[in-house]
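Numbering (our numbering), first residue to last: 5 to 396. No residue lacks a Cβ here, since even glycine has one placed at the ideal position from N, Cα and C. Please read the structure below before turning to the comments.
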Amino acid sequence: MPFEIAVLVFILSAAGVILVFLLNPLLSLLAVLIKGKKTVKTSSIYPPVSLITVVHNAQNLILDKIKNSLSLDYPSERFEFVIFSDGSTDDTESKIKNLGNGEIRLLSNPVHEGKNSGINSAVQHCNGEIIVFSDAGAMIDKDGIKNLVKYFADPDIGGVCGELVIVKDKTRFSEAQSDYWRFDRTIRILESQAGSISSNTGTLYAIRRELFNPLPPAVTDDLYNCLSVVKQNYRFIFVPDARSFTQARSIGPAHEVGRRRRIVNGSLRSICLMRELLNPFKFGIFSINLLNRNVIRRLLPVCLIMMFTSNLYLSFYSPWYKAMFLLQVAFYLSALFYGTLFQKASAFGGAARIAALAYYFCIGNYGTLLGLMDFITGKQFVKWTSVRINGK
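In structure tokens form, the structure reads like this:
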């Protein structure tokens, strides 16, 4: 490999890594500084709301979800909780019937067809003007529904994403995921101030019912619904005062790889179906943010591999490149030995936390690479079985 080509590969791949993390917040901040912050009108309104949760074999989660949902501070006569059981073969449905007391609408399909099919069926049977989507493992804050709905007083708002709070536990990924979501939160706040968010969270979000379009198979419901709303010229915003709580979404390397693999595949399929949103002449900064966050970011593993290999070659030619290469090696070694540092976290302190981020970063990018390869080869994830956290 000629020296000049190696330098070019290193610079381009390093720039790609930097852009993935900094382009969205910087562009959104620049848009706010130039055009001003986009405001949202709020009001204490109480339109009819339908809360939808699709479950599959969730017998150990569903009781907590029901108790949480029925305790939310929202007028009961204007609120309905719809649970769709997608081919459950355990005691999920019997537990719902025993605890529901007529306050829950249970819909079911004896065949496991996937979450998107369940959502499509559930929406058809809903009465609410606002449809709220929430996962079975997510506990909604008492005022969560009210704090979502109040933003729909603004006629320009078509969708609202709530904040995900990771409840810290003793799993390896808990701390790292919390740090990631804090960074992600900052990006979403800036994107909302500039217009609309380019990524949604499935644990808690809401859209106007008339804006819902049936979900195709193998797409991620949260991103597809977000893109569908923006395509209809409405804003989709993030609000930190509507919170849902969940344990670490990944409990180990295999789970995180599988989860990231499925999400990357589904999100790329969502964007392919909504590719006109990538036109910046029509959708402005949103198109650039969407491209960077959901397309270029999926190429991050490729950039990392190119940066490492080109840096290895260049390390033989310059002390500066050698220093950069050693930093990369140290980063990946910290991820490799994270298990040891995690077990002795009190002794290593900050080093253990950095290693946790490195570990989570590497595992996530491996899953991203697999998801990218699945997308290219045409593999689809229409249905899956969630891993229960702490035995749930």
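Check your understanding: From V44 to Y364, what distance separates their C-alpha atoms?
Key -> The residue given as residue 44 occupies position 40 in the sequence shown. The residue given as residue 364 occupies position 360 in the sequence shown. Each residue's alpha carbon lies about 35 Å from the other.
Review point. Closest to V386 by CA distance: which of G288, A356, S274, R357 is it?
Key: Residue 386 sits at position 382 when you count from the first residue of the sequence shown. Residue S274 is the option with its Cα nearest to V386.
Review point. If you draw a straight line from the alpha carbon of D95 to that of N102, how long is it in whole angstroms?
Key: Mapped onto the sequence shown, residue 95 falls at position 91. Mapped onto the sequence shown, residue 102 falls at position 98. Rounded to the nearest angstrom, the gap between the Cα atoms of D95 and N102 is 11 Å.
Practice item. Could you check which residue in K235, S138, R192, P244 has the C-alpha nearest to that of F216? Key: For the purposes of this step, residue 216 is taken as the residue at position 212 of the sequence shown. Scanning K235, S138, R192, P244 for the CA closest to the CA of F216 turns up K235.
Exercise for review: Determine the closest residue to R263 out of R279, L373, G163, with distance taken between C-alpha atoms.
Suggested key: The sequence position of residue 263 within the sequence shown is 259, counting from 1. If we check each option's Cα against that of R263, L373 comes out closest.
Exercise for review: Pull up the distance between the alpha-carbon of L194 and that of G206, whole angstroms please.
Suggested key: Your numbering for residue 194 matches position 190 in the sequence shown. Your numbering for residue 206 matches position 202 in the sequence shown. Cα to Cα, the separation comes out at about 20 Å.
Check your understanding: Which term fits A62, buried or exposed, when burial requires 16 or more other beta carbons within 10 angstroms of its beta carbon?
Key -> In the sequence shown, residue 62 corresponds to position 58, counting from 1. Counting Cβ neighbours within 10 Å, A62 comes out buried, since at least 16 surround it.
Review point. In terms of DSSP beta bridges, what is M143 paired with?
Key: Translated into positions along the sequence shown, residue 143 becomes position 139. BP columns for M143 point to F249.
Point to revise | C-alpha gap between K71 and T224, whole angstroms | key: Mapped onto the sequence shown, residue 71 falls at position 67. Mapped onto the sequence shown, residue 224 falls at position 220. Rounded to the nearest angstrom, the two C-alpha atoms are 27 Å apart.
Review point. DSSP on S350, reduced to helix/strand/coil?
Key: Translated into positions along the sequence shown, residue 350 becomes position 346. Note that S350 scores a pLDDT of 47, beneath 50, so its modelled location is shaky; the value from the coordinates is reported in the next line. The answer is helix: DSSP assigns S350 an H, G or I state.
Review point. Where does the unbroken beta strand (DSSP E) through T57 begin, and where does it stop?
Key: On the sequence shown, position 53 is the one that residue 57 refers to. From DSSP, the beta strand (DSSP E) with T57 extends over 53 to 59.
Review point. In chain order, which continuous runs of the beta strand (DSSP E) of length 3 or greater are located wholly inside the stretch 210 to 269?
Key: 239 to 251
Check your understanding: Going by Cα to Cα distance, which pick from D90, L55, G91, V59 is closest to S75?
Key -> Position 71 of the sequence shown, counting from 1, holds the residue named residue 75. When only C-alpha atoms are compared, the closest one is L55.
Check your understanding: Pairing CB atoms from the stretch 182 to 201 with CB atoms from the stretch 24 to 43, are three or more of them under 8 Å?
Key -> yes
Check your understanding: Cβ of L303 within 8 Å of Cβ of T250?
Key -> As a working mapping, residue 303 is identified with position 299 in the sequence shown. As a working mapping, residue 250 is identified with position 246 in the sequence shown. It is not a contact, given that the beta carbons lie outside the stated cut-off.
Review point. So what's C276 in DSSP terms, helix, strand or just coil?
Key: Sequence index remark: in the sequence shown, residue 276 carries index 272 (1-based). C276 falls in the helix class under three-state DSSP.
Exercise for review: Give the straight-line distance between the Cα atoms of R392 and K69, rounded to the nearest whole angstrom.
Suggested key: Start at 1 with the first residue of the sequence shown, and residue 392 comes out as number 388. Start at 1 with the first residue of the sequence shown, and residue 69 comes out as number 65. Low confidence applies to R392: its pLDDT is 47, below 50, so where it sits in the model is not reliable, and the reading given next is rough at best. Going from the Cα of R392 to the Cα of K69 covers about 14 Å.
Review point. Excluding sequence positions up to five away, which residues of its chain have a Cβ less than 7 Å from the Cβ of F7?
Key: For the purposes of this step, residue 7 is taken as residue 3 along the sequence shown, with counting starting at 1. Correct list, in chain order: Y321.
Practice item. Identify the continuous beta strand (DSSP E) that holds G122 and give its terminal residues. Key: One-based indexing of the sequence shown puts residue 122 at position 118. It is not in any beta strand (DSSP E) - G122 instead sits in the alpha helix (DSSP H) that spans 119 to 128.
Review point. What residues match up with N113 in a beta bridge as DSSP calls it?
Key: What you label residue 113 is simply residue 109 of the sequence shown in a count that begins at 1. Answer by DSSP bridge pairing, in chain order: D90.
Practice item. Determine the extent of the alpha helix (DSSP H) in which I161 is found, giving its start and end residues. Key: Within the sequence shown, residue 161 is the residue found at index 157, counting from 1. Premise fails: I161 lies in the beta strand (DSSP E), 161 to 171, not in any alpha helix (DSSP H).
Check your understanding: Three or more C-beta pairs closer than 8 Å, one from the stretch 104 to 117 and one from the stretch 34 to 48: is that the case here?
Key -> no
Review point. If we ignore side chains and look at the alpha-carbon of each, how far apart do E428 and E214 end up?
Key: With the chain covering only 5 through 396, there is no way to say anything about residue 428.
Review point. Under three-state DSSP, which class holds S17?
Key: As a first step, residue 17 must be located in the sequence shown, where it is residue number 13. Of the three classes helix, strand and coil, the one that applies to S17 here is helix, per DSSP.
Point to revise | Distance CB(D77)-CB(K150) smaller than 8 Å | key: To locate residue 77, count along the sequence shown from 1; it is residue 73. To locate residue 150, count along the sequence shown from 1; it is residue 146. Less than 8 Å separates the beta-carbon of D77 from that of K150.
**Study point:** Cross-strand partners of V136 (DSSP beta bridge)
**Key:** To locate residue 136, count along the sequence shown from 1; it is residue 132. Per DSSP, L55, A210.
**Study point:** The alpha helix (DSSP H) enclosing T313, as first and last residue numbers
**Key:** In the sequence shown, the residue the question calls residue 313 occupies position 309. Note, T313: alpha helix (DSSP H), 304 to 318.
Practice item. Please determine, among G148, L277, G368, D188, the residue with the shortest C-alpha to C-alpha distance to P257. Key: Residue mapping note: residue 257 aligns to position 253 of the sequence shown, counting from 1. Out of G148, L277, G368, D188, G368 has the C-alpha closest to the C-alpha of P257.
Practice item. Please go through the same chain and pick out, in chain order, the residues whose beta-carbon is closer than 8 Å to the beta-carbon of I289, but skip the five residues on each side of it. Key: Taking the sequence shown and counting its residues from 1, one reaches residue 289 at position 285. Result list for I289: L31, S32, A35, A198, G199, in chain order.
Review point. So does the stretch 17 to 25 actually touch the stretch 79 to 99, counting three or more Cβ pairs closer than 8 Å?
Key: no
**Study point:** Same chain, Cβ closer than 6 Å to Y238, neighbours up to 5 away in sequence not counted
**Key:** Working through the sequence shown from its first residue, we reach residue 238 at position 234. Closer than 6 Å at Cβ, skipping near neighbours: G162.
**Study point:** Option nearest S202 by Cα separation, candidates Q181, I100, V164, A362
**Key:** Taking the sequence shown and counting its residues from 1, the one referred to as residue 202 is at position 198. Comparing Cα-Cα distances from S202 to each of Q181, I100, V164, A362, the minimum goes to V164.
**Study point:** According to DSSP, residues forming a beta bridge with I108
**Key:** Position 104 of the sequence shown, counting from 1, holds the residue named residue 108. Note: I108 sits in a beta bridge opposite F85.
Practice item. Would you check if the distance between the CB atom of L318 and the CB atom of V11 is smaller than 8 Å? Key: Numbered from 1 along the sequence shown, position 314 holds the residue referred to as residue 318. Numbered from 1 along the sequence shown, position 7 holds the residue referred to as residue 11. Contact: yes.
Exercise for review: Mind listing, in chain order, the continuous beta strand (DSSP E) runs of no fewer than 3 residues lying wholly within the stretch 176 to 200?
Suggested key: Entirely contained in the stretch 176 to 200, not one beta strand (DSSP E) run reaches 3 residues.
Review point. Are the CB atoms of I267 and L208 nearer to each other than 8 Å?
Key: Mapped onto the sequence shown, residue 267 falls at position 263. Mapped onto the sequence shown, residue 208 falls at position 204. Note that the C-beta distance between I267 and L208 is not below 8 Å.
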